[in-house]
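Novice: Protein chains in written order, with my numbering: chain V, 10 to 344; chain Y, 1155 to 1413.
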């Protein structure tokens, strides 16, 4: 118990310094990490020097890096928190935000827009992501109720259909467009600016807030429908609210950052291994750790090489070994 | 004996799954602050009756009355404060601690997160069920019997006036069986009404005030202990039994093979 309190303490304290450090690192060779940090300090105490150099640092820090840092944090937080919420309502630790075909739908939407440009890429990805989940859900309804197994099954099938459609689009695209489609599906944040943040923060933040409000009630839902209903909570209403919040947030995340593989599956597990399965503490921890961890990964992807390495690759190459380490080390008994 | 107040009233209740009829024309009233045990063979409709009374099966809420209010007129939160239910099987997925599981029983009393009072009630329920030593253990790592005790603590934390229990002693050893039945007996003395399905007739004979015998979805006997007769039990279970009575206790024995 004491160890968990310590872990929580660290989780709550890390986001701010990580955000500040992330602002100060980047591929720019005009100023150093130290200079950037010093600028931030001056800015904080309201003593920014009136030089062209400082104006330039300000532009890079606040117009280029800050929106990307915020977006990386929000995308990471919403994928993790959605994964955690969905695992609770599906009563299944193998569930991720992509389980209902969201990622395949969004990838198809983005590919359509990239290939034929009929719609804004981000909007098209968002709408097709939602569409895939809506189809999966509608197909699973039987006698006015939805069983978890049929929902997961229909999600996998609908995901398969959209993947097939995506392949058709790729097949008929010229090599140049094909490259941008493939690049999109690997996940990246290089388009993140104030514009991207403005168009996506509402669904991202709203989804995170709803899941935060429901954090403790997720425990009730994950015990089972009968137990929830007879102790005074309507499980159907609770589950549909969580499903809508998670789908909205993760569709927005995918629309702006592409498919960041495994993230919404492994971060909830990492958090559970660090602070335990009680969603009352796990949900805030998912928001903070999920956000911070993606920010760290994004820092690697934009600074490690001269060109940007897609973040989706990094989440797997960095996240998966860390996950495996925690899994070996922590004693949480799955049956 | 005095006059018993009726707390639950069931009128013309029938229920079927698709075409298979499970309960037919049930009419029954349950006494307040008493323990009523429902007896019957597997598939006789015991669980279905309890699930209907708990509001878990739809369509018959108008035929079930609690303190003269029909079940469909009560919100889920109102129901939770009136009746608690414990199912026969419960399977947990996430390794919550015992305390975290028990605390979820409070959901009908709160808006979003548990208060200090809810925590207190959960801890009291844990103490009452005698599982304080298991409080911080993972629920998923406990034995079946221990899990059963946790679910009993959970339903007690809910503080309902009526407990609907589907075979609460099914996974328990002798010691814990008696312990749970004693707890339930005490709760009745404190003013709770307990209605439960049981398979152990001896246990029923020892603890119950009232007994209901269900066969093929119909009530074939409903009354106090005097309905435990060899004829009734043979009719109920299709098996020969012998009843041995001493001064204060009655025992049901099974002579021979049941053929």
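Backbone N, C-alpha and C define an ideal beta-carbon position, used for all residues, glycine too.
Just so it is clear, the structure is predicted and the values come from calculations on it, not from any experiment.
May I ask you to report which of helix, strand or coil DSSP gives residue 242 of chain V?
Specialist: Here residue 242 of chain V sits in coil by DSSP.
Novice: When you compare the CB positions of residue 1252 of chain Y and residue 1282 of chain Y, do they come within less than 7 Å of one another, or not?
Specialist: For residue 1252 of chain Y and residue 1282 of chain Y, no; Cβs fall outside 7 Å.
Novice: Please name the residue or residues paired with residue 1316 of chain Y in a DSSP beta bridge.
Specialist: Answer by DSSP bridge pairing, in chain order: Y:1237 and Y:1347.
Novice: What is the rounded straight-line gap between the Cα of residue 45 of chain V and the Cα of residue 66 of chain V?
Specialist: Cα-Cα distance, rounded: 7 Å.
Novice: Using CA atoms only, rank isn't needed, just tell me which of Y:1268, Y:1260, Y:1314 and Y:1254 is closest to residue 1286 of chain Y.
Specialist: Residue Y:1254 is the option with its Cα nearest to residue 1286 of chain Y.
Novice: Helix or strand or just coil, what does DSSP make of residue 1189 of chain Y?
Specialist: Residue 1189 of chain Y: strand per DSSP, three-state reduction.
Novice: Could you have a look at residue 223 of chain V and say whether DSSP puts it in helix, strand or coil?
Specialist: Of the three classes helix, strand and coil, the one that applies to residue 223 of chain V here is coil, per DSSP.
Novice: Where are the alpha helix (DSSP H) runs, 4 residues long or more, that stay fully inside the region 42-83 of chain V, in chain order?
Specialist: For the region 42-83 of chain V, whole alpha helix (DSSP H) runs of length 4 or above, ordered along the chain, are 42-53 and 61-68.
Novice: Check for me: the alpha helix (DSSP H) holding residue 308 of chain V runs from which residue to which?
Specialist: That run of the alpha helix (DSSP H) goes 288-312.
Novice: According to DSSP, is residue 1297 of chain Y part of a helix, a strand, or is it coil?
Specialist: If DSSP states are grouped into helix, strand and coil, residue 1297 of chain Y belongs with coil.
Novice: In the DSSP assignment, find the unbroken beta strand (DSSP E) run with residue 1399 of chain Y in it and report its ends.
Specialist: Looking at the DSSP string, the run of the beta strand (DSSP E) that includes residue 1399 of chain Y is 1396-1399.
Novice: Using the beta-carbon count (16 or more within 10 Å), is residue 173 of chain V buried or exposed?
Specialist: Exposed is the call here.
Novice: Quick check: the Cα distance between residue 21 of chain V and residue 1226 of chain Y, rounded to an integer number of angstroms?
Specialist: About 45 Å.
Novice: Quick one: which residues of the region 1209-1222 of chain Y get their C-beta closer than 9 Å to a C-beta of chain V? List them in chain order.
Specialist: Cβ contacts with chain V: 1209 and 1210.
Novice: What are the start and end residues of the beta strand (DSSP E) that includes residue 1168 of chain Y?
Specialist: Note, residue 1168 of chain Y: beta strand (DSSP E), 1160-1171.
Novice: Less than 7 Å between the beta carbons of residue 216 of chain V and residue 87 of chain V, yes or no?
Specialist: Going by C-beta atoms, residue 216 of chain V is nearer than 7 Å to residue 87 of chain V.
Novice: Excluding the 5 residues preceding and the 5 following residue 1398 of chain Y in the sequence, name in chain order all residues of the same chain whose CB lies nearer than 7 Å to its CB.
Specialist: Excluding positions up to five away in sequence, the list reads 1405 and 1407.
Novice: Using C-beta distances below 6 Å, list every residue in its chain close to residue 1159 of chain Y, excluding the 5 sequence neighbours before and after it, in chain order.
Specialist: Within the same chain, residue 1159 of chain Y has close Cβ partners 1186.
Novice: Closer than 7 Å by beta-carbon distance: list the chain V residues that pair up with residue 1246 of chain Y, in chain order.
Specialist: Those within 7 Å of residue 1246 of chain Y in chain V are 232.
Novice: Starting from the Cα of residue 1379 of chain Y, find the closest Cα among Y:1193, Y:1165, Y:1177 and Y:1161 and give me that residue.
Specialist: Nearest option by C-alpha distance: Y:1193.
Novice: Please compile the residues from chain V whose C-beta is within a distance smaller than 7 Å of the C-beta of residue 1254 of chain Y.
Specialist: The answer, in chain order, is 228 and 287.
Novice: What distance in whole Å lies between the Cβ atoms of residue 228 of chain V and residue 287 of chain V, which are believed to be in contact at a cut-off of 8 Å?
Specialist: Indeed, because the Cβ distance is near 6 Å, the residues count as touching under 8 Å.
Novice: Of the residues Y:1264, Y:1344, Y:1257 and Y:1353, which one's Cα is nearest the Cα of residue 1274 of chain Y?
Specialist: Nearest option by C-alpha distance: Y:1257.
Novice: Tell me the start and end of each unbroken beta strand (DSSP E) in the region 1326-1395 of chain Y that is at least 3 residues and wholly inside, in chain order.
Specialist: You should have 1347-1351, 1364-1369 and 1372-1377.
Novice: CB residue 196 of chain V to CB residue 266 of chain V, shorter than 7 Å?
Specialist: Yes; because the gap between Cβ atoms is below 7 Å, this pair is in contact.
Novice: Along the region 1262-1295 of chain Y, where does the CB come closer than 8 Å to a CB of chain V? Name the residues.
Specialist: Within the region 1262-1295 of chain Y, the residues whose Cβ lies closer than 8 Å to some Cβ of chain V are 1262, 1263, 1266, 1267, 1268, 1290, 1292, 1294 and 1295, listed in chain order.
Novice: For residue 30 of chain V, does the three-state DSSP call read helix, strand or coil?
Specialist: The answer is helix: DSSP assigns residue 30 of chain V an H, G or I state.
Novice: Would you give the residue range spanned by the beta strand (DSSP E) that residue 1218 of chain Y belongs to?
Specialist: Start and end: 1218-1220.
Novice: Mind checking which residues open and close the beta strand (DSSP E) that includes residue 1324 of chain Y?
Specialist: Residue 1324 of chain Y -> no beta strand (DSSP E), and no H or E assigned at all.
Novice: Report all residues from its chain with a CB closer than 7 Å to the CB of residue 29 of chain V; omit the five preceding and five following residues, and keep chain order.
Specialist: The answer, listed in chain order, is 49.
Novice: Can you look up residue 315 of chain V in the DSSP assignment and give me helix, strand or coil?
Specialist: Of the three classes helix, strand and coil, the one that applies to residue 315 of chain V here is coil, per DSSP.
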